[in-house]
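Protein chains in written order, with our numbering: chain R, 24 to 237; chain H, 24 to 237.
Reviewing the structure listed below.
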DNA sequence: GTGACGATTGGACGATACGTCTAAGCTACG
DNA sequence: CGTAGCTTAGACGTATCGTCCAATCGTCAC
């Protein structure tokens, strides 16, 4: 329907590429719908006519920003995933790094999912999420299975569990403003994922954590 | 910012309450933004002026629908959760029922999350999600812990893992149109959640499931 | 130096959709 | 039969979109 160019129809000059980033907080504050092109123009200092010169519409500006964040996340997570260690260790690091990323890019991350439905039709952000997030997870899972540090029957199911845990935890944090540090939750989550919640009492006797909840 | 009334400012007559449901597919197809009030009027057969008589705007109509779906989900899941059995059994049933619900209410469910960012500002849908979904999960977890069928250290972390797994699986299905039946994935997910992916080879030797994936 | 071309931008424009409002018709109840 | 509230068509006024044009400016080739 619309051309697949992730960013803009015309190549975006570097100077504008920098300034357009200033649009992110505006989108984050108001959402796609309530954001006026004029707001973006004001916030970025780029005149409205120029914005339209480079972007077909505000959705494309948002898509540009989101795919940028997605690339950032891809870079961050793949760096973390590349560090040495067993698959199990790397998985734990991925979980932590992901939560930290959510904490740092809260508004944008929330935007990513809030507008995923809309923006996904312009860019294949859904696919980008897969590459950025699920793919390193799957890799760590496979590696862990091979090096014996993990035990995976169904890679895709396990990846869904891992990602889901992170996503829900992050979203609770972003939407409901739950308990303090996201990074702190990483251990609790990794624990559950690794040990499971099946009946068999695990090696270390039940060291109670924050049993409470919201 | 806007009053918290979940549905409408005026009490909605039953007859209209029925018809307004016809607006759901319209929203689901187009999203909040692209849906015109006139479209809703046409789809529901309720004149525009009447819509405005009962709802302050289309966002409130959407909020009304979403909270309705949420109530439905609450009912469905709490029914399932109420069935007899160990916490572990009920948890597995919850996972399955939830996935089935997603499969059946695909468009609306997707909408629920696509517009959550926006709608959450009108209604406390985020809180509704918590009640509808997380709360029965937590209950099953606690019960399972007490009856010995589960082993939970951190209820809220475990609940996040469970819900996240379901959510991500469901979303993959809805957005990417992954493999066939959602209900089929329920077992794989429950397996991972219960047994964990930690190295210790589980009691029953690794009965390989669908090791493949996307 | 000069002309050409593309980037840049202010401002005007038509279109669309929103949400408001009015007024007329209708129903129901006392 | 009269009042009150529900219902609805249609007319507005407003906001924002996206398009378009014309003026300006910088750069490059000749």
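All C-beta atoms, glycine included, are put in the ideal place defined by N, C-alpha and C.
Given a cut-off of 9 angstroms, decide if residue j and residue i are closer than it, judged by their beta-carbon atoms.
{"i": "residue 187 of chain R", "j": "residue 111 of chain R", "result": "no"}
{"i": "residue 204 of chain H", "j": "residue 126 of chain H", "result": "yes"}
{"i": "residue 39 of chain R", "j": "residue 77 of chain R", "result": "yes"}
{"i": "residue 155 of chain R", "j": "residue 97 of chain R", "result": "yes"}
{"i": "residue 104 of chain H", "j": "residue 122 of chain H", "result": "no"}
{"i": "residue 100 of chain H", "j": "residue 120 of chain H", "result": "yes"}
{"i": "residue 216 of chain H", "j": "residue 220 of chain R", "result": "yes"}
{"i": "residue 37 of chain H", "j": "residue 199 of chain R", "result": "no"}
{"i": "residue 190 of chain H", "j": "residue 197 of chain R", "result": "no"}
{"i": "residue 136 of chain H", "j": "residue 124 of chain R", "result": "no"}
{"i": "residue 129 of chain R", "j": "residue 93 of chain R", "result": "no"}
Specify, as a first and last residue, the run of the alpha helix (DSSP H) that residue i falls within.
{"i": "residue 170 of chain R", "result": "158-170"}
{"i": "residue 195 of chain H", "result": "No alpha helix (DSSP H) contains residue 195 of chain H, which DSSP labels as neither H nor E."}
{"i": "residue 123 of chain H", "result": "110-127"}
{"i": "residue 92 of chain R", "result": "81-105"}
{"i": "residue 67 of chain H", "result": "60-67"}
{"i": "residue 152 of chain R", "result": "148-152"}
{"i": "residue 70 of chain R", "result": "First-last for residue 70 of chain R: undefined, no H or E at that position."}
{"i": "residue 204 of chain R", "result": "Neither: residue 204 of chain R is in no alpha helix (DSSP H) and is coded neither H nor E."}
{"i": "residue 155 of chain H", "result": "From DSSP, residue 155 of chain H is part of no alpha helix (DSSP H); its letter is neither H nor E."}
{"i": "residue 41 of chain H", "result": "37-42"}
{"i": "residue 55 of chain R", "result": "46-57"}
Near residue i, what residues of its chain come up, given a Cβ to Cβ distance below 7 angstroms and the 5 sequence neighbours on each side ignored?
{"i": "residue 181 of chain R", "result": "164, 175"}
{"i": "residue 85 of chain H", "result": "50, 55, 138, 142"}
{"i": "residue 58 of chain H", "result": "49, 50, 81"}
{"i": "residue 231 of chain R", "result": "Here the model assigns residue 231 of chain R a pLDDT of 45, short of 50, so the residue's position is not dependable and the matter cannot be decided."}
{"i": "residue 239 of chain R", "result": "Nothing can be reported for residue 239 of chain R: it is not among the residues displayed for chain R, which extend from 24 to 237."}
{"i": "residue 60 of chain R", "result": "71, 74, 81"}
{"i": "residue 184 of chain H", "result": "216"}
{"i": "residue 63 of chain H", "result": "46, 49, 74, 81, 84"}
Based on Cα-Cα distance, which residue from the options lies nearest to residue i?
{"i": "residue 131 of chain R", "options": "R/194, R/217, R/33", "result": "R/194"}
{"i": "residue 158 of chain H", "options": "H/178, H/83, H/208, H/91", "result": "H/178"}
{"i": "residue 113 of chain H", "options": "H/151, H/95, H/161, H/199", "result": "H/161"}
{"i": "residue 107 of chain R", "options": "R/211, R/199, R/170", "result": "R/170"}
{"i": "residue 87 of chain H", "options": "H/212, H/43, H/68, H/71", "result": "H/43"}
{"i": "residue 173 of chain R", "options": "H/211, H/218, H/64", "result": "H/218"}
{"i": "residue 79 of chain H", "options": "H/206, H/33, H/52", "result": "H/33"}
Tell me which residues share the same chain as residue i and place their Cβ nearer than 8 angstroms to its Cβ, disregarding the 5 neighbours each side in the sequence.
{"i": "residue 66 of chain H", "result": "45, 46, 48, 49"}
{"i": "residue 192 of chain H", "result": "122, 205, 208, 212"}
{"i": "residue 53 of chain R", "result": "62"}
{"i": "residue 69 of chain R", "result": "39, 42, 43, 63"}
{"i": "residue 102 of chain R", "result": "none"}
{"i": "residue 233 of chain H", "result": "Residue placement at residue 233 of chain H is flagged as unreliable, the pLDDT there being 44, under the threshold of 50; the coordinate-derived value follows with that caveat. Correct list, in chain order: 211."}
Kindly identify the DSSP beta-bridge partner or partners of residue i.
{"i": "residue 173 of chain R", "result": "H/221"}
So, for residue i: in the same chain, excluding its five sequence neighbours on each side, which residues have a beta-carbon less than 6 angstroms away from its beta-carbon?
{"i": "residue 35 of chain H", "result": "77"}
{"i": "residue 209 of chain H", "result": "118, 119, 122"}
{"i": "residue 95 of chain H", "result": "none"}
May I ask you to check if the CB of residue i is nearer than 8 angstroms to at least one heavy atom of the ligand COA?
{"i": "residue 127 of chain R", "result": "This structure lacks the ligand COA, and indeed carries no ligand of any kind."}
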